[in-house]
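Taking it in order: structure first as structure tokens, then the write-up.
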Amino acid sequence: MRRRDFLKSSAAAVAGVSAPAIFTRSAEAQTRSETLLAISENAPNSQDIHGVGANRPAYEVSWNSYDRLMTYGVKKDEQGQDHYDFKKIEPELAEDMNVGPSSITFKLKRGATFHDGAPITAADVKWSFDRAVTVGGFPTFQMKAGSLEKTEQFVAVDDRTFRIDLIRKDHMTIPDLAVPVPAIYNSELCKKNVTAQDPWAMEFTKNNGAGSGAFKVSRWQPGTEVVYERFDDWKGGPLPKLRRVIWRTIPSAGNRRALLERGDADISFDLPNKDFAELAAARQLSIIGTPVENAIQYVGMNAKEGPFANPKVRQAVAWAIPYQKIMDAVLFGRAAPMFGDGDNVATGFAWPQKHGYTTDLVKAKALLTEAGFPNGFETTMSFDLGLAGVNEPMCILIQESLAQIGIRFTINKVPGSNWRNELLKKNMPLITNTFGGWLNYPEYFFFWAYHGQNAVFNTMSYQNTKMDGFIDAARAAGAIDDTAAYQAAVKGFVDMSFDEVPRIPLYQPYLNVAMQKNITGYRYWFHRQLDYRQLVKA
Amino acid sequence: MSAGAVAERSGIAHARYVIGENPVTAFAFGLFVAIVFAAVLGPSLVPYDPLASNTSRALQAPSAQHWFGTDQLGRDLFSRVIVATRLDLTIAVASVILVFALGGLAGIAAGYYGGWIDKVIMRIADTIMAFPLFVLAMGIVAALGNSVTNIVIATAIVNFPLYARVARAEANIRREAGYVEAAKLSGNGDGRIVLMQILPNVFPILVVQMSLTMGYAILNAAGLSFIGLGVRPPMPEWGIMVAEGAAFMVSGEWWIAFFPGLALMIAVFCFNLLGDGLRDIFDPRRRT
Amino acid sequence: MLLLIFNRVLLAIPTLVGVVVVTFVLTRALPGDPAAYFAGPAATQQSIQEIRVKLGTDRPLIEQFGRYISDLARGELGNSLTTGQPVGKEIKARLPASAELTLIGLLFAVMIAVPMGILAATRPNSFIDHATRIVSTAGVSLPVFFTGLLLVYVFYYILGVAPSPVGRLDVFLSPPRHVTGFYLIDAALGRDREVFVSALKQLVLPALTLGIFALAPIARMTRASMLAVLSSDFVRTARASGLSPYKVVVTYAFRNAMLPVITTLGMVLSFLLGANVLVEKVFAWPGIGSFAVEALIASDFAPVQGFVLTMAVLYVLLNLSIDVLYGLIDPRIRINS
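Protein sequence lines, in the order shown, are assigned to chains A, B and C. Under the working numbering, read the first sequence as residues 1 to 538, first letter to last. Under the working numbering, read the second sequence as residues 1001 to 1288, first letter to last. Under the working numbering, read the third sequence as residues 2001 to 2337, first letter to last.
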């Protein structure tokens, strides 16, 4: 090819790209009013909550595209907003539930089908439950929390009757049936896609739907977008008003706010607290902030080794945290304070509740001197880099405040991928972190966070037999509904956690949501993901 | 040494001529002096403690009291931007000196000795070049941990091929030069020839390269900070400040990202122009 | 010609081997542990150890490397933890997005920088020469993430003239039928005007951000190359024979000055492909760059390795095609090599 020809032909190619000849109109006409556009920071990495390493956004896909046997009812919270009701268990795929002394029997709804039209049978339910207790990891762990452990417990009596045989009395069994994990899978479809290495078709369900939920995934571009269409034959509840949901991943927080403010996106959870506070004040969008049940952001101290093993040092730190500054400058008021109750004695039997510490540097300094550190000491404070938006300014404020009583620390940002690993090593002296439990019981929280079994969530390695005694007593009393013993035990561990302060509760975070004014029907769920089924777009 | 003195004088004269001829270079020199001044004396001149928070004055727009406004924690942005100059400049200078030493020496060795030394060094340079450079820098910092030292190392490694190639090309030309041959004939060892004959000739070219890559080094460090792999808080650093401010841009607090971004841009701009100017002075042939 | 290509491919092999080894070592040195990720929120040391055994990450590094190489030989790049998909599939789906953005950005830069360079070369040391230098240097001095944010803020949020930064298309449109993966081309082929216009609109701001960064090298090379050509004998002859200055510059000088500019373009293209990671992040662009950054932060080995390897192969191919192009345009080089 000669040079001149080359230049000519490349010029022609460029012209061909920039001036396409004729266009026809797009055939697909989209109805914006029946389509919801949700935006979030992160995207699901699976459509299946049972999947190994399935992330939180994957729970949302599972929740909306699968059904469970039972679900929770709804109540109004203090702000008058819809809030799932932990006390009310309602049927979803089951039409009724019979609780016997040693078993629970369910009758499946008539005419319910999966997305591919196959009828839902008790065999599907058994297969799904067997799968959840067998595959290991998170689903198996969560099933165990409701004493659902062995495949022999699950019996398909006939096509529409399913029975669970109880291995022990546990007041968490029924609530555990309405969490996202015990979803019902299309077992025939899954079985067509099993391989020798993959007897539960995990590869298949990661990328394909096998459910009966109100929405089915019609397009999935991992990391970018999920598009759902409504399943018009859904039997799990009243047919949703939305026909279509588009869920896009927008990594930049600024862009997410801009999209909402300009009316281009309908709904999002993922904005900085400051944006929620400002948007709420501007009143152009609906902003709802619901305290996340059973969740607390805290400062944790290593109770096993180093200076924080001394309770006096921990108390000194608790008196030196700039609580109010954190509430104002970091959270912009969008959280419930957990400090300044007046005393360190439990008020009532609910959890979370406020402790008595406030910012009092004189008291803090005195305690530190008493503990044998008149000149303070040097240490490190770590946090999860993935949550730097809140954690970083918070740590800087704490750093400045603790320096005044002589505790100087460097800030260590741990990449999100490694955070869990670092927590498991249990050797970080000082951290900030959030912990929350799905099942809303104080003893559930304390069992994971303070018990001497030293679970990963006991990030302080706090071990105290007296504490364990209270927690075990509350669990035992709860299972047999012994209110007096239960309350005494709860009061016991709450008081002790305030006095010993291995972790200093800072605040109860809000689950904030911002949506256009024409979106109604938002409901708070314990899993903190969006439920499209109740949403209405006017 | 009279010949050397003459050469030096003519060099200065040439420099004066270039600066006089090129107002842009003069301007860049002016900026450079200002930046160095801010880096050296800035911390003792700023009106506020750059680390002290004051939550009652958070997120204030620029005013007579706070020239660049305040950030989320009420820290004075003017003080932070000025104080950050030292750290950003340190990172850039340190990484450039490191790569100057490593890349320069490797390049001279490759160019002077040739053979397998040349092959190995050039293969290393090629391998680094084949990486997407920013991702390589990210990987190094992520693997080694985010500290100032590691940012310096990562930036130096990423720039290595550039220096090695330039030094190699120059050394290669000089190797055949008459004065090197003469030095060899008069019984000088390789080390002495490299030190006395090659290095002084390669040096100016590398200095030009240094000024050009200073800007890149600052941008690189800022980019790392932007994705969370920068220096540790609460140290002020331009890239981190832009990243922090990015979230506030949409809500109208433009100054938090804008001023550090501006400082970053001015510094990089200055080094790039300066690099051009230095090239005109040291190496008129390559003027572009 | 064939021999040249063969030689170049041969030369590239040690480079690629180096890239594979370095990437492997680097990703294994990342602080994260995929086993801890897989073990879920309620992990114990024991359950993590079990998963390590399952994943093979408890084996010595050299053994893991052997396994990685044998997977690579079979074209297996592994699975991404963050998106749950095979890396090869992800890269195939995302590469066109990055390439389209980069090429449009480059096109934009060329359209501005080449005329700027020519103007500067025809009037050295004039006002326009200095202005060119300042503008192009300013462009390369701007951190791309800062430029991107600023452009979104001004053109989308304040002025409302740019579309929302949600990726490659308006959210209510479906992507065109996959042919090349370049939305502009695919939409044109499918004669879908709406999608074409939307894709073009989405491209403007990110391409501009990237293009600004590419102005400097192109403008400089054009200027230098033009200066050299303008002082050459044949241009002097052309001038002397009374041709109009416009004709001399555009027809004679420019064509001959193109060669080094094309080389520079190749370098800039490979540089931009790597540099657009931050632009992609700002504009929610579903390209391979943003994919790699997320993966690196999450200590997700496989995508990082896949990304780096892809970029290295592209880099080698690009250099190769520049050499070939060079040989086609300028026969002298072919003879010399």
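All residues carry an ideal CB built from backbone N, CA and C; glycine is no exception.
Shorter than 8 Å from the beta carbon of residue i to some beta carbon of chain C?
i	result
Arg1168(B)	no
Lys206(A)	yes
Thr24(A)	Here Thr24(A) scores only 32 on pLDDT, less than 50, and its place in the model is too uncertain to base an answer on.
Ile411(A)	no
Phe1226(B)	yes
Ala1257(B)	yes
Ile246(A)	yes
Gly1159(B)	A small fix is needed here, since residue 1159(B) is Asn in this sequence, not Gly. No - not a single Cβ of chain C is within 8 Å of the one on Asn1159(B).
Thr1149(B)	no
Which residue comes first and which comes last in the alpha helix (DSSP H) that contains residue i?
i	result
Pro1043(B)	Pro1023 to Leu1045
Tyr2183(C)	Tyr2183 to Leu2189
Gln1197(B)	Premise fails: Gln1197(B) is in no alpha helix (DSSP H) and is neither H nor E.
Glu1181(B)	Gly1178 to Leu1185
Judging by CA-CA distance, which residue of the options is the nearest neighbour of residue i?
i	options	result
Asp124(A)	Ser103(A), Ala156(A), Val133(A) and Glu152(A)	Ala156(A)
Val1033(B)	Thr1085(B), Leu1105(B) and Ala1106(B)	Thr1085(B)
Gly389(A)	Leu1262(B), Ala1246(B), Ile1173(B) and Arg1168(B)	Ala1246(B)
Lys354(A)	Asp85(A), Tyr323(A) and Tyr522(A)	Tyr323(A)
Val1120(B)	Leu2003(C), Pro2014(C), Ala2238(C) and Leu2278(C)	Pro2014(C)
Ser2290(C)	Val2053(C), Asp2300(C) and Val2279(C)	Val2279(C)
Lys107(A)	His83(A), Ala118(A) and Arg160(A)	Arg160(A)
Glu261(A)	Leu2149(C), Pro2260(C), Ile2158(C) and Leu2184(C)	Ile2158(C)
Phe269(A)	Arg56(A), Thr35(A), Arg32(A) and His50(A)	Arg56(A)
Asp341(A)	Gly333(A), Pro352(A) and Arg334(A)	Pro352(A)
Asn45(A)	Leu2072(C), Leu2081(C) and Ala2214(C)	Leu2081(C)
Ala316(A)	Asp481(A), Ser401(A) and Thr113(A)	Ser401(A)
Taking C-beta pairs closer than 8 Å, name the residues in chain C that residue i reaches, listed in chain order.
i	result
Asp1190(B)	Near Asp1190(B) there are no residues of chain C at all, since even the closest Cβ is about 27 Å away, more than 8 Å.
Gly254(A)	Leu2149, Val2152 and Tyr2153
Met1265(B)	Ala2138, Ser2141, Leu2142, Pro2143 and Phe2146
Can you check whether the C-beta of residue i is within less than 8 Å of a C-beta belonging to chain B?
i	result
Asp2323(C)	no
Gly2018(C)	yes
Ala477(A)	no
At which residues does the beta strand (DSSP E) containing residue i begin and terminate?
i	result
Tyr510(A)	Arg503 to Met515
Glu378(A)	Phe377 to Asp384
Leu2011(C)	Here Leu2011(C) belongs to no beta strand (DSSP E); instead the alpha helix (DSSP H) covers Leu2002 to Arg2028.
Can you find the residues in the same chain that come closer than 8 Å, C-beta to C-beta, to residue i, ignoring five residues on each side of it along the sequence?
i	result
Met496(A)	Asn464, Lys466, Met467 and Phe470
Leu2095(C)	Gly2181, Gly2287, Ile2288 and Thr2310
Ser2321(C)	Gly2266
Mind checking if residue i is an interface residue toward chain A, Cβ cutoff 8 Å exclusive?
i	result
Arg1080(B)	no
Tyr2037(C)	yes
Ala1058(B)	yes
Ala2253(C)	no
Asp2033(C)	yes
Pro1050(B)	no
Gly2075(C)	no
Val1250(B)	yes
Once you ignore the five residues that flank residue i on each side, which residues in its own chain have a CB closer than 6 Å to its CB?
i	result
Phe2234(C)	none
Gly2075(C)	none
Kindly list, in the order they appear in chain A, the residues whose Cβ is closer than 8 Å to that of residue i.
i	result
Ser1053(B)	Lys325, Ala329, Ile396, Leu397 and Glu400
Pro1260(B)	What Pro1260(B) touches in chain A: nothing, since even the nearest Cβ is about 16 Å away.
Please list, in chain order, the chain B residues whose beta carbon lies closer than 9 Å to that of residue i.
i	result
Glu389(A)	Here residue 389(A) is Gly; the residue named in the question, Glu, does not match the sequence. Neighbours of Gly389(A) on chain B, chain order: Ala1247.
Pro540(A)	Outside the shown range of chain A (1 to 538) lies residue 540(A), about which nothing can therefore be said.
In chain B, which residues lie less than 8 Å from residue i when you measure between Cβ atoms?
i	result
Ser2126(C)	By Cβ distance, chain B contributes nothing, its closest Cβ being about 12 Å from Ser2126(C), past 8 Å.
Taking Cβ-Cβ distances shorter than 7 Å, what residues in chain B pair up with residue i?
i	result
Ile2134(C)	Val1024
Can you give me the Cβ contacts of residue i inside the same chain, cut-off strictly under 7 Å, excluding the 5 residues immediately before and after it?
i	result
Gln218(A)	Note that residue 218(A) is Ser in the sequence shown, not Gln. Same-chain partners within the cutoff: Val227, Tyr228 and Glu229.
Note down, in chain order, every chain A residue with its Cβ under 7 Å from the Cβ of residue i.
i	result
Val2171(C)	Leu37, Ile246 and Arg248
Whose Cβ in chain C lies nearer than 9 Å to the Cβ of residue i?
i	result
Thr1155(B)	The premise fails here: Thr1155(B) is roughly 14 Å from chain C at the closest Cβ pair, so nothing lies under 9 Å.
Note to self: For the region 435-458 of chain A, list every residue whose C-beta sits within 9 Å of some C-beta in chain D, in sequence order.
What the structure shows: The structure shown contains no chain D; its protein chains are A, B and C.
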